[in-house]
Amino acid sequence: MTRIAVLVKDIPDLNEVKVDVTTRRPMVEGAKRRLNDLDKRALEAALRIKESGGVEVITISLGDNRTKSSILEALAMGADAAYLVSDPSLKGLDANKTSQILKAALRKAGDFDIIIAGELSLDGMGAQVGPRVAELLGLPQITYAKELKFEAGKFKATRNLEDVDEVIEAEPPFLVTVVREINEPRIPSLMNIMKAKKKPFTEWNAEALGLKADDLKASSTVEVVDLQVPEVKRKHIVIKAEKVDEAVSKLVSILTEIGVLE
Amino acid sequence: MKTLIYSENVELSLQLLGKALQLSGADVSALTFSASQAKELVEYGVTVYNVKDSTTDTIKAALLQIISSETPDLVLVGSTRRGREIASRVAAILNAGYSADCYDIQPTNGGFTTKRLTYGGSVIAMGIIKGKPAIVSAPPRSFQKPETQGQRGRIVELDLPTSSSKIKVVETRLKRVGDAGLENAKVIVSAGRGFKKREDLRLLEELAVELSAKMGCSRPISADLGWMDQWVGISGKKVAPRLYVACGISGTIQHAAGIRDSQTIVSINSDESAGIHELSDYSLIGDIYTVLPALTKALRERAK
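Top line first, the protein sequences correspond to chains A and B. Going by the numbering used here, the first residue of the first sequence is number 1, and it counts up by one from there. Going by the numbering used here, the first residue of the second sequence is number 1, and it counts up by one from there.
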């Protein structure tokens, strides 16, 4: 049996994040949460390997009670079981500590042949949890994979780097992070959504993992002190006219005047 | 204050050097991967550690060795995909704080304050890194190359054992260059959900011809409907044209972050309250089905 762990995170839905007009801060707390798109693609990559048979796919997350509904989506997509580290005292930790917690959770969840993660989560955009976890577990890693295949008893991956594509052959155990191009995640059927609720779901707090939240907080290395949505400096000129032709010719003459037309 | 810099990209390593010299005076060391890169950087009076191969494991080992001997306060890494992986790994080994993709960095009380983009590029996060070393990666063009060369520094050749990783690179394929597409387009016309049928995209095509524009679209048109290959947005292409014309696009955060660097943004949308107007220099309130043919015609006549 090949065991694959996928790191999945729920993040605020970016289409729902509104901005406080006086402070220019994003109102992140109120937004609906959903699985990070790249993590869904990481899961999809695992599920495609699972199709070759003899594979178990589990998910590992760090979150809170709101994370549960997002994880149900992962189970509905086809993960066999989910593990969630949920503890209010572990909220707001940096990538350094997050990686240490995920390492502890992965150890407790058993041995894995492959760990897959998204290259980054769209909220924090640090792209460091995957590589850090691999390093903490002493695993080789393949980052930024746009292809991951199991063929003739071998794992093959293609890394999407700025200047080159790198084709990799690897023997488990290893960790992979994936980019958007790797696949299109499946949309679970209604029946699978129903079934998801019956799949094994394990929750751990800090204590269950042998972690002391106070120690983790005290040794935090990066602290976010402010979030600001930059003001868009645009001209905001509205062109309205009774007749379409008038509006259009007004627009064309403005664009000619400011020199953006050739 | 001491700074160690590294990027496998020569141009980017010079930009990092510019920032490092500004922060640390001459107390800068650099890791390089070729004799020519070492030669270029050493003219700025810094200590250059050169290694002959640039596999990830070698870079990691070299960085750890230099960090332990030089004890830098700051390790500044070029934010390429390779660079971000290595920065994370070194940070994990050293239990150190690392901030990725920072376009600004300032020393503060016993640490560094950084600025970086989060939430898909729409939110600036200001953070503080504590502890030593602080690790920061910075994307291209965040900092300027140093203006003048200094006294010649010294080059130290590092000899590191080659690793025997279970990860084997079996092929390296150079990417096609010149296939720049949307990212380098000067003019872009872009379609949103205002288009009701795929066939209607010909209205956009005709406009694109008159403007010598590339065509783009919002995420749903490509990812959900599959009408076009590439979309503009956080998860798609980030663009910076001279002129961006958003046709029937509502203007989500997703799309906003992708078009922010455009010089002039024109939107055509019948919904006066659509978010795209907030992002636009010129908003033409109207139905794309009548506005686009009229605009195409007007531009054609102008060209005559």
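Ideal placement from N, C-alpha and C gives every residue a C-beta, glycine not left out. Just so we're clear, the structure is a prediction, and the values are computed from it rather than from any experiment.
- Message: Short of 6 angstroms in beta carbon distance, which residues of its chain neighbour A/VAL229, apart from the five on each side in sequence? Order them along the chain.
- Response: Within the same chain, A/VAL229 has close Cβ partners VAL19, ARG24, PRO26.
- From the DSSP output, read off the bridge partner residues of A/LEU93. DSSP, once it has assigned bridges, lists no residue as partnering A/LEU93.
- Sort B/TYR103, B/THR118, B/LYS196 by Cα distance to A/MET125 and report the nearest one. Closest option to A/MET125, Cα to Cα, is B/THR118.
- Message: Nearest by alpha-carbon distance to B/GLU206: which of B/ILE128, B/GLU183, B/THR296, B/THR47 is it?
- Response: Of B/ILE128, B/GLU183, B/THR296, B/THR47, the residue nearest in Cα terms is B/THR296.
- Item | Where the segment 83-96 of chain B meets chain A: residues whose CB sits under 9 angstroms from a CB there | For the segment 83-96 of chain B, which is checked against every Cβ of chain A, the residues closer than 9 angstroms are ARG84, GLU85, ILE86, ALA87, SER88, ARG89, VAL90, ALA91, ALA92, ILE93, ASN95, ALA96.
- Rounded to the nearest angstrom, how far is the Cβ of A/GLN141 from that of A/ALA134, given a contact under 8 angstroms? Yes, A/GLN141 and A/ALA134 are in contact; Cβ-Cβ is about 4 angstroms, under 8 angstroms.
- Compare the C-beta of B/LEU284 with all C-beta atoms of chain A and state if any pair is closer than 8 angstroms. B/LEU284 counts as touching chain A.
- Round the Cβ separation of A/GLU264 and A/ASP80 to the nearest angstrom and send it over; I've been treating them as touching at under 8 angstroms. As shown, chain A starts at 1 and ends at 262. That puts residue 264 of chain A outside it, with no answer to give.
- Query: Residues bridged to A/ALA206 by DSSP?
  - Reply: None, per the DSSP bridge assignment.
- Task: Using DSSP bridges, identify the partner residues of A/ARG34.
- Result: Partner(s): A/ILE11.
- Message: Taking a contact to mean a Cβ-Cβ separation below 8 angstroms, would you say B/THR249 touches B/SER267 in this structure?
- Response: One detail in the question is off: residue 249 of chain B reads as Ile in this sequence, not Thr. Closer than 8 angstroms, so yes.
- Message: If I follow the unbroken beta strand (DSSP E) through B/ASP104, where does it start and stop?
- Response: It spans 102-108 - the beta strand (DSSP E) in which B/ASP104 sits, taken as one unbroken run.
- Query: With C-beta atoms as the reference, is A/ASP94 less than 8 angstroms away from A/THR256?
  - Reply: No, they are not a contact pair.
- When you compare each of A/ASN15, A/ILE115, A/ALA31, A/GLU51 to A/GLU151 by their alpha carbons, which one comes out closest? Ranking A/ASN15, A/ILE115, A/ALA31, A/GLU51 by Cα distance to A/GLU151 puts A/GLU51 first.
- Is the beta carbon of B/LYS2 less than 8 angstroms from the beta carbon of B/PRO72? Yes. Within cutoff.
- Residue environment, B/GLY121, which counts as buried when at least 16 other CB atoms sit within 10 Å: Flag for B/GLY121 reads buried.
- Task: Would you mind working out which of A/ASP215, A/THR98, A/ALA76 sits nearest A/LEU35, comparing C-alpha positions?
- Result: For the set A/ASP215, A/THR98, A/ALA76, the Cα lying nearest the Cα of A/LEU35 is the one of A/ALA76.
- Message: Using the Cβ count rule (16 or more neighbours within 10 Å means buried), how would you classify B/ASN50?
- Response: Around the Cβ of B/ASN50, a 10 Å sphere holds 16 or more other Cβ atoms; the residue is buried.
- Cβ neighbour criterion (16 or more within 10 Å) applied to A/GLY264: This structure cannot settle anything about residue 264 of chain A, because the visible part of chain A is limited to 1 through 262.
- heavy atom of the ligand FAD below 7 angstroms from A/ALA152 C-beta: For the ligand FAD, the structure offers nothing, since it holds no ligand at all.
- Task: Tell me, to the nearest whole angstrom, how far the beta carbon of B/ALA38 is from that of B/VAL28; I am working on the premise that it is less than 8 angstroms.
- Result: Their Cβ separation, rounded to whole angstroms, is 14 angstroms, which puts B/ALA38 and B/VAL28 out of contact at 8 angstroms.
- Query: So with Cβ pairs under 8 angstroms, would you call A/GLU169 a contact of chain B?
  - Reply: For A/GLU169, the closest Cβ of chain B is nearer than 8 angstroms.
- Mind checking whether A/SER61 and B/ALA92 have CB atoms under 8 angstroms apart? The Cβ atoms of A/SER61 and B/ALA92 do not sit closer than 8 angstroms to each other.
- Task: Could you check if A/PRO131 is buried or exposed, using at least 16 other CB atoms within 10 Å of its CB as the buried criterion?
- Result: Only buried fits A/PRO131, as 16 or more other CB atoms lie within 10 angstroms of its CB.
- Would DSSP call A/ASN183 helix, strand or coil? Judged by DSSP in its simplified three-state form, A/ASN183 adopts coil rather than helix or strand.
- Checking contacts by CB at 8 angstroms: is A/LEU43 closer than that to chain B? Interface criterion not met: the Cβ of A/LEU43 is under 8 angstroms from no Cβ in chain B.
- Task: Could you tell me whether the Cβ atoms of B/LEU74 and B/LEU23 are closer together than 8 angstroms?
- Result: With a cutoff of 8 angstroms on beta-carbon distance, B/LEU74 and B/LEU23 are scored as near each other.
- Kindly provide the ranges of any alpha helix (DSSP H) runs that are 4 or more residues long and lie completely inside the segment 51-120 of chain A, ordered along the chain. The segment 51-120 of chain A contains these whole alpha helix (DSSP H) runs: 67-77, 95-109.
- Any C-beta of chain B sitting closer than 8 angstroms to the C-beta of A/ILE237? Interface annotation, A/ILE237: in contact with chain B, CB-CB separation under 8 angstroms.
- Message: Counting only Cβ-Cβ distances shorter than 8 angstroms, please list the residues of the segment 233-263 of chain B near chain A, keeping chain order.
- Response: Within the segment 233-263 of chain B, the qualifying residues are ILE234, SER235, ARG242, LEU243, THR252, ILE253, GLN254, ALA256, ARG260, GLN263.
- Query: Just reading off the beta strand (DSSP E) that A/GLU160 is part of, what are its end residues?
  - Reply: Note that residue 160 of chain A corresponds to Asn in the displayed sequence, not to Glu. For A/ASN160, the enclosing beta strand (DSSP E) has its first and last residue at 154-160.
- Check each residue of the segment 185-204 of chain B: if its Cβ is closer than 7 angstroms to any Cβ of chain A, include it; give the result in chain order. Correct list: empty, as no residue qualifies.
- Query: Which one of A/ALA46, A/ILE115, A/ASP123, A/SER86 has the shortest CA to CA distance from A/ARG33?
  - Reply: For the residues A/ALA46, A/ILE115, A/ASP123, A/SER86, the minimum Cα distance to A/ARG33 belongs to A/ASP123.
- Is the Cβ-Cβ distance between A/GLY110 and A/ARG3 less than 8 angstroms? Their beta carbons are under 8 angstroms apart, which means A/GLY110 touches A/ARG3 by this criterion.
- Message: Taking its Cβ as the centre, do 16 or more other Cβ atoms sit within 10 Å of A/PRO200, making it buried, or is it exposed?
- Response: A/PRO200 counts as exposed, since fewer than 16 other C-beta atoms from the protein chains shown sit within 10 angstroms of its C-beta.
- Query: Which residues, taken in chain order from the segment 125-155 of chain B, show a beta carbon closer than 7 angstroms to some beta carbon of chain A?
  - Reply: Look at the segment 125-155 of chain B: the residues with a C-beta under 7 angstroms from a C-beta of chain A are ALA125, MET126, GLY127, ILE128, ILE129, LYS130, GLY131.
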